[in-house]
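So the sequence lines, in the order shown, correspond to chains H and S.
Sequential numbering of the first sequence, starting at 338, is according to the numbering used here.
Sequential numbering of the second sequence, starting at 338, is according to the numbering used here.
We put the beta carbon where it would ideally sit given N, CA and C, even for glycine.
Predicted, not measured: the structure shown is a model, and the values here were computed from it.
There are 2 protein chains.
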Amino acid sequence: MTYCVGVKTDSGLVLASDSRTNAGVDQIAQFRKTYIFKEPGERVIYLLSAGNLSVTQSVIQALERSKHFENDVETIWNVRSLFDVCVLVGDQMRKVQAREGPSLAAVGVSAGASFIVGGQVRGERCRMFHVYPEGNFIEATEETLYFQLGESKYGKPILDRVLNSATTLQEASKCVMVSYDSTMRSNISVGPPIEISWYSEDSMQVGLRQRIHENDPYFLSIREAWGQSLRRAFTELPNPDWFYQHT
Amino acid sequence: MTYCVGVKTDSGLVLASDSRTNAGVDQIAQFRKTYIFKEPGERVIYLLSAGNLSVTQSVIQALERSKHFENDVETIWNVRSLFDVCVLVGDQMRKVQAREGPSLAAVGVSAGASFIVGGQVRGERCRMFHVYPEGNFIEATEETLYFQLGESKYGKPILDRVLNSATTLQEASKCVMVSYDSTMRSNISVGPPIEISWYSEDSMQVGLRQRIHENDPYFLSIREAWGQSLRRAFTELPNPDWFYQHT
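Below you can see the structure in the form of structure tokens.
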């Protein structure tokens, strides 16, 4: 299973992915799920991927190769908008699924895959999109400022409670770490290392990147402090006052 | 959608269900999902239900009717163990599914349903089981002391962090309320009133029962205090110290 989160605030983007892939209990492996396409000063584009790994890798490969195409062909390297990048990602996904889908369907395996696409192309603001398995996509807004892929439910409540468009990249990262803690406690098939990336609006260059391993001191301190705080907060809540209202 | 929780501690049981049923956005209705079969001093049996409502109601109806059967037929009213009650529930579910399943399958509707069965039959301790849609079932243990039905993920982390076999019925109820708060914030198709029931081990009678409406003062106070505590706990966590490690 996968868990990816992308957060778009006024300051820029925080993008995180886990590294666990599994196809049955005896086939658990680590693969990166964060890809960066950069041309400093011109474009910085992050893709987080989830779903069928052969499909997402084929899509990424095709996007990378297009660097060598003639300039009159639209590619991730020359389009003037992140919206157009998503059109290309969607088209490419449909092509790969058309090629691989029928054989996979014959053995009951899904060719479904999805992406979070975030970043900035010179001439427009920083943006973030969610590309669905069917190749269509939606953009993050001030009201809906994060997207999740994969095992999204356990880690969603803290995002809902904390994030808003004024959240700093540091705070958003802290929130994403707590979200991963909740997810990894409840689903062991989401696993470290977590790759986390920051993009600062208008910087037009790749920002901080951090790989967080199982024993990362910051992640461990968050896990422990958060667990303690929750238990303390729970203890402080009043008990119900319903006693002895038997029917 | 449904959300039901059953908790089995050393003190007894806390069992909760929501009341929302939906079959499309314009068909949302309230139905009770908690059923009690009681013969004070002899047996107190709670069933929480989830899944296809016509199936769960037919199962309950058949169990109720069996009160008038001859005494040499095994029924929920005369078997000597909660284990045997679950065998009957599973058998009855398979019968109903055999009758209704094919017509439902023809229009793409699932006849799946599941139950949490908790309570006590004179002569044995208080027990709790999870009956799956296939009619098989498992029993709660000291290590796995709660079961959930339906929309289980949002409300699971707090159960994992707080519950153990020494938890009192009050504390377990408080925990269940927080679990409902998280679930209802993230899935609007889980809705009040929440029905909550307590069974005290060895009491051999129906304990407290409470219907919690949307504006219940205790539930509102829990929602607000919990939200505030989480935001405060989050603020107190340290920010990451990864700054300026650009690649």
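For residue i: DSSP bridge partner residues
i      : result
S/E376 : S/R380
S/R548 : S/E532
S/V344 : S/V351, S/Y483
H/R464 : H/G456
S/L557 : Answer is none; S/L557 lacks a bridge partner.
H/G388 : H/A450
H/S537 : H/G349
H/T371 : H/L385
Best match in the options for proximity to residue i [C-alpha to C-alpha]
i      : options                        : result
S/R546 : S/Y383, S/G378, S/M338         : S/Y383
H/G544 : H/E551, H/H550, H/S534, H/S447 : H/S534
S/S516 : S/S526, S/T371, S/W563         : S/W563
S/V426 : S/S566, S/T412, S/L557, S/D539 : S/T412
S/I531 : S/L574, S/S510, S/Q542, S/H467 : S/S510
H/T478 : H/G378, H/A450, H/M465         : H/M465
H/L419 : H/F474, H/P439, H/A435         : H/F474
H/R498 : H/Y536, H/L482, H/D578         : H/L482
H/T371 : H/S356, H/G378, H/E379         : H/S356
H/E538 : H/T339, H/V342, H/S348         : H/S348
H/V454 : H/E573, H/Y340, H/L350, H/S566 : H/L350
S/V416 : S/P494, S/Q434, S/E379         : S/E379
S/C512 : H/F556, H/N501, H/F571         : H/F571
S/Q434 : S/V424, S/E376, S/A450, S/Q542 : S/A450
S/S502 : S/V344, S/Y340, S/T339         : S/V344
S/R522 : S/E488, S/A353, S/E508, S/T504 : S/E488
S/D553 : H/P577, H/M541, H/E561         : H/P577
H/M338 : H/K375, H/L496, H/T358, H/A353 : H/T358
S/K375 : S/R569, S/M430, S/M541         : S/M541
S/T505 : S/T346, S/C341, S/S403         : S/T346
S/G472 : S/R369, S/D409, S/R431         : S/R431
H/Q457 : H/L441, H/E437, H/V422         : H/V422
H/T393 : H/R462, H/R568, H/Q565, H/D428 : H/D428
H/L352 : H/S526, H/W579, H/E508, H/N524 : H/E508
S/V527 : S/L557, S/I397, S/Y555, S/L486 : S/L486
H/W476 : H/K404, H/L567, H/V424, H/E573 : Correcting the residue identity first, residue 476 of chain H is Glu in this sequence and not Trp. Of the listed residues, the one whose Cα sits closest to H/E476 is H/V424.
H/W579 : S/R560, S/P529, S/R568, S/F556 : S/F556
H/L385 : H/L441, H/V342, H/H550, H/Y536 : H/V342
Backbone secondary structure at residue i - three-state DSSP
i      : result
H/H583 : With a pLDDT of 44 at H/H583, under the threshold of 50, the modelled position of this residue cannot be trusted; read the value that follows with caution. Here H/H583 sits in strand by DSSP.
S/K511 : helix
H/L419 : helix
H/E476 : strand
S/R357 : strand
S/R569 : helix
S/A503 : coil
H/S523 : helix
H/T393 : helix
S/T339 : coil
H/G492 : coil
S/W414 : coil
H/E401 : helix
H/Q434 : helix
H/Y517 : helix
S/G564 : helix
H/G445 : coil
S/V426 : helix
H/P439 : helix
H/D409 : coil
S/D497 : helix
Amino acids of chain S, ordered along the chain, whose beta-carbon sits closer than 8 angstroms to that of residue i
i      : result
H/P577 : Q507, S510, K511, M514, Q547, Y555
H/S523 : K490, K493, P494, D497
H/S519 : P494
Within chain H, partners of residue i - CB distance below 9 angstroms
i      : result
S/L567 : P494, I495, R498, V499, S566, L567, A570
7 angstroms Cβ cut-off: residues of chain S touching residue i
i      : result
H/K461 : Position check: residue 461 of chain H holds Glu in this sequence, whereas Lys was assumed. Within chain S, no residue comes near H/E461; the closest Cβ sits about 23 angstroms away, beyond 7 angstroms.
Chain-ordered chain S contacts of residue i [CB-CB under 9 angstroms]
i      : result
H/E573 : A562, S566
(request) Give the residues from the stretch 474–499 of chain S that approach chain H closer than 8 angstroms (Cβ to any Cβ), ordered along the chain. (result) Hits within the stretch, in order: K490, Y491, K493, P494, I495, D497, R498, V499.
(message) Tell me which residues of the stretch 550–565 of chain S have at least one Cβ-Cβ distance to chain H shorter than 8 angstroms, keeping chain order.
(response) Hits within the stretch, in order: Y555, S558, I559, A562, W563, G564.
(request) Give the residues from the stretch 407–422 of chain S that approach chain H closer than 8 angstroms (Cβ to any Cβ), ordered along the chain. (result) Going along the stretch 407–422 of chain S in chain order, one finds no residue with a Cβ nearer than 8 angstroms to chain H.
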